[in-house]
Amino acid sequence: MNYAIGIDIGGTKTALGLVSPDGQVLSKASLTTDLSLTPSDMADKIAEAANRLLSDEGLHQTDLKGIGIGAPGPLNTKLGQIAEPPNLRSWWNFPVVAAFERHFQIPIVLENDATAAALAEKWTGAATAADHFVYITISTGIGAGIYSHGRLITGATGNAGDIGHMVIDPGAGLCSCGQRGCFEYIASGTAIAREASQLLGRQVTSKEVFELALSSQDAAMKALVDRVFGYIGIGCVTLINTFDPELLVIGGGVSQVGAPLFEAVRDYIKLHALNPSGRSTRVVPAALQQDAGLIGAAALIHTNY
Ligand code: ADP
Ligand code: ZN
Numbered sequence: 057m058n059y060a061i062g063i064d065i066g067g068t069k070t071a072l073g074l075v076s077p078d079g080q081v082l083s084k085a086s087l088t089t090d091l092s093l094t095p096s097d098m099a100d101k102i103a104e105a106a107n108r109l110l111s112d113e114g115l116h117q118t119d120l121k122g123i124g125i126g127a128p129g130p131l132n133t134k135l136g137q138i139a140e141p142p143n144l145r146s147w148w149n150f151p152v153v154a155a156f157e158r159h160f161q162i163p164i165v166l167e168n169d170a171t172a173a174a175l176a177e178k179w180t181g182a183a184t185a186a187d188h189f190v191y192i193t194i195s196t197g198i199g200a201g202i203y204s205h206g207r208l209i210t211g212a213t214g215n216a217g218d219i220g221h222m223v224i225d226p227g228a229g230l231c232s233c234g235q236r237g238c239f240e241y242i243a244s245g246t247a248i249a250r251e252a253s254q255l256l257g258r259q260v261t262s263k264e265v266f267e268l269a270l271s272s273q274d275a276a277m278k279a280l281v282d283r284v285f286g287y288i289g290i291g292c293v294t295l296i297n298t299f300d301p302e303l304l305v306i307g308g309g310v311s312q313v314g315a316p317l318f319e320a321v322r323d324y325i326k327l328h329a330l331n332p333s334g335r336s337t338r339v340v341p342a343a344l345q346q347d348a349g350l351i352g353a354a355a356l357i358h359t360n361y
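Each residue of the sequence shown is one higher than the one before, starting from 57 at the first, in our numbering.
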């Protein structure tokens with residue numbers, strides 16, 4: 057009754073792990089999220105992998121306290137359903153909790169993946185001492201998990217923190233959500249690669265853009281990167297003005313660029329946060345890059361969030 061399985065369902069891969077009550081990942085596995093399968097068949101495969109994690113450790117379902125699932129939004133945690141995530145189209149309206157209940161007769165909890173990652177940072181990561189913080193992931197898209205007054209803010213249906221669709225520049229291009237100039241449309245890894253590829257006339261990744269801007273000092277790439285850092289600063293100031301956090305934790309692939317991003321964001325906050333104390337909000341890298349999703353999913357079972 058002491059273990060939890062955390063499952064992090066993503067558009068390209070699904071990670072799962074067996075996690076102890078003190079947050080140690082005892083064993084883990086990763087599956088390709090095969091979008092040519094029905095979500096029901098894919099859930100069966102994930103359940104099979106979860107059972108394998110147990111049997112490899114000589115454990116049984118009776119040793120489990122529960123299963124936590126993190127999945128991309130929009131979703132509906134009240135109904136235990138995926139709603140309409142753009143990168144998981146074949147899963148739209150899929151009752152994911154019920155699908156796992158066919159295999160496991162124990163508590164099964166669903167939350168948004170960024171919310172789960174925020175809980176992981178609170179549990180064993182960069183925010184263990186914070187009662188008020190926002191976790192921001194800048195990756196293929198942009199999302200956030202909000203932790204305030206010592207608890208997660210999940211909203212009525214588990215979709216709180218979907219900051220990727222906060223409009224930053226209404227003069228910019230059309231986002232998949234129908235608005236113009238959303239945060240993730242102009243500042244995600246996808247956005248950086250799209251803008252740079254257009255400027256250079258060849259396909260580049262966001263990692264290459266940072267290399268061109270920061271080491272070879274390509275002027276156009278440097279201007280693009282500075283603009284994006286500014287947008288991320290704007291997003292952070294809005295979060296500081298809205299939630300008054302003591303700490304911002306930034307994770308996701310784009311945050312791997314490290315110091316240049318963190319310094320630019322801190323400088324922007326120092327100038328533009330409204331509240332004098334907000335201007336010195338601490339901004340730190342996520343501590344649990346790779347396993348944050350599955351640890352956070354397990355934390356849904358192991359902690360009182
Ligand atoms: P996911 O979005 O599937 O969670 P990641 O968090 O790895 O995956 O984010 C992927 C995005 O981050 C891509 O746009 C990728 O180009 C970008 N990225 C990954 N590593 C780096 C890096 N070291 N520097 C800059 N960008 C990176
Ligand atoms: Zn949008």
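All C-beta atoms in this analysis are idealised placements derived from N, C-alpha and C, irrespective of residue type, glycine included.
Worksheet entry | Backbone CA spacing between N331 and I290 [nearest angstrom] | Residue 331 sits at position 275 when you count from the first residue of the sequence shown. Residue 290 sits at position 234 when you count from the first residue of the sequence shown. So the two alpha carbons sit approximately 15 Å from each other.
Practice prompt. Would you kindly work out how many angstroms separate the C-alpha atoms of A127 and G136, rounded to a whole number?
Written response: As a working mapping, residue 127 is identified with position 71 in the sequence shown. As a working mapping, residue 136 is identified with position 80 in the sequence shown. Taking the straight line from one Cα to the other gives about 11 Å.
Discussion item. Does the region 148-166 come into contact with the region 197-207, if we say contact requires no fewer than three beta-carbon pairs (one atom in each stretch) closer than 8 Å?
Written reply: Fewer than three Cβ pairs drawn from the region 148-166 and the region 197-207 lie within less than 8 Å of each other, which leaves the two stretches out of contact.
Practice prompt. Using alpha carbons as the reference points, say which of G197, P142, C292 and A173 lies closest to G245.
Written response: Indexing the sequence shown from 1 puts residue 245 at position 189. The candidate whose alpha carbon is nearest that of G245 is G197.
Worksheet item: Would DSSP call D274 helix, strand or coil?
Response: One-based indexing of the sequence shown puts residue 274 at position 218. It is coil, neither helix nor strand.
Discussion item. Using only the alpha-carbon positions, how far apart do L344 and A183 sit?
Written reply: The residue given as residue 344 occupies position 288 in the sequence shown. The residue given as residue 183 occupies position 127 in the sequence shown. Those two C-alpha atoms are separated by around 11 Å.
Worksheet entry | F156 - containing alpha helix (DSSP H), residue span | Here residue 156 is taken as the residue at index 100 of the sequence shown, counted from 1. Looking at the DSSP string, the run of the alpha helix (DSSP H) that includes F156 is V152 to E157.
Worksheet entry | DSSP beta-bridge partners of L303 | Position 247 of the sequence shown, counted from the first residue, corresponds to residue 303. DSSP lists F189 and R338 as partners of L303.
Fill in: Alpha-carbon to alpha-carbon, H116 and L82
Mapped onto the sequence shown, residue 82 falls at position 26. Mapped onto the sequence shown, residue 116 falls at position 60. When rounded, the distance between both Cα atoms is 14 Å.
Worksheet item: N143 by DSSP, collapsed to three states: which one?
Response: Within the sequence shown, residue 143 is the residue found at index 87, counting from 1. Reduced to three states, the DSSP call for N143 is helix.
Discussion item. As a quick exercise: from T180, A279, A275 and L110, pick the residue whose alpha carbon is nearest that of P77.
Written reply: In the sequence shown, residue 77 corresponds to position 21, counting from 1. The option with the nearest alpha carbon to P77 is T180.
Worksheet item: For L131, which residues does DSSP report across the bridge?
Response: Position 75 of the sequence shown, counted from the start, is the residue given in the question as residue 131. Among the bridge pairs identified by DSSP, L131 is matched with I138.
Fill in: Any non-hydrogen atom of the ligand ZN within 8 Å of E240 CB
For the purposes of this step, residue 240 is identified with residue 184 of the sequence shown, where counting begins at 1. Yes - the ligand ZN has a heavy atom lying nearer than 8 Å to the Cβ of E240.
Discussion item. Taking 8 Å as the cut-off, does the region 295-306 touch the region 332-343 (at least 3 CB pairs, one atom from each stretch)?
Written reply: Touching, yes.
Discussion item. What I want to know is whether the C-beta of K263 ends up closer than 8 Å to one or more non-hydrogen atoms of the ligand MN.
Written reply: As presented, the structure is devoid of the ligand MN, carrying the ligand ADP and the ligand ZN as its sole ligands.
Worksheet item: Going along the chain, which residues of its own chain have a beta-carbon closer than 6 Å to the beta-carbon of I65, five neighbours each way excluded?
Response: Within the sequence shown, the letter at position 9 stands for residue 65. Counting only Cβ-Cβ distances below 6 Å, and skipping sequence neighbours, we find A127.
Fill in: C-alpha gap between L255 and Q273, whole angstroms
Numbered from 1 along the sequence shown, position 199 holds the residue referred to as residue 255. Numbered from 1 along the sequence shown, position 217 holds the residue referred to as residue 273. Roughly 15 Å separates the two Cα atoms.
Fill in: Sequence-distant residues of the same chain with beta carbon closer than 6 Å to R338, five excluded per side
On the sequence shown, residue 338 is found 282 positions in, with the first residue counted as 1. Excluding sequence neighbours, R338 sits near L303.
Worksheet entry | Residue burial classification, S333 (beta-carbon count within 10 angstroms, cutoff 16) | Locating residue 333 in the sequence shown gives position 277, counting from the first residue. Under this definition S333 is an exposed residue.
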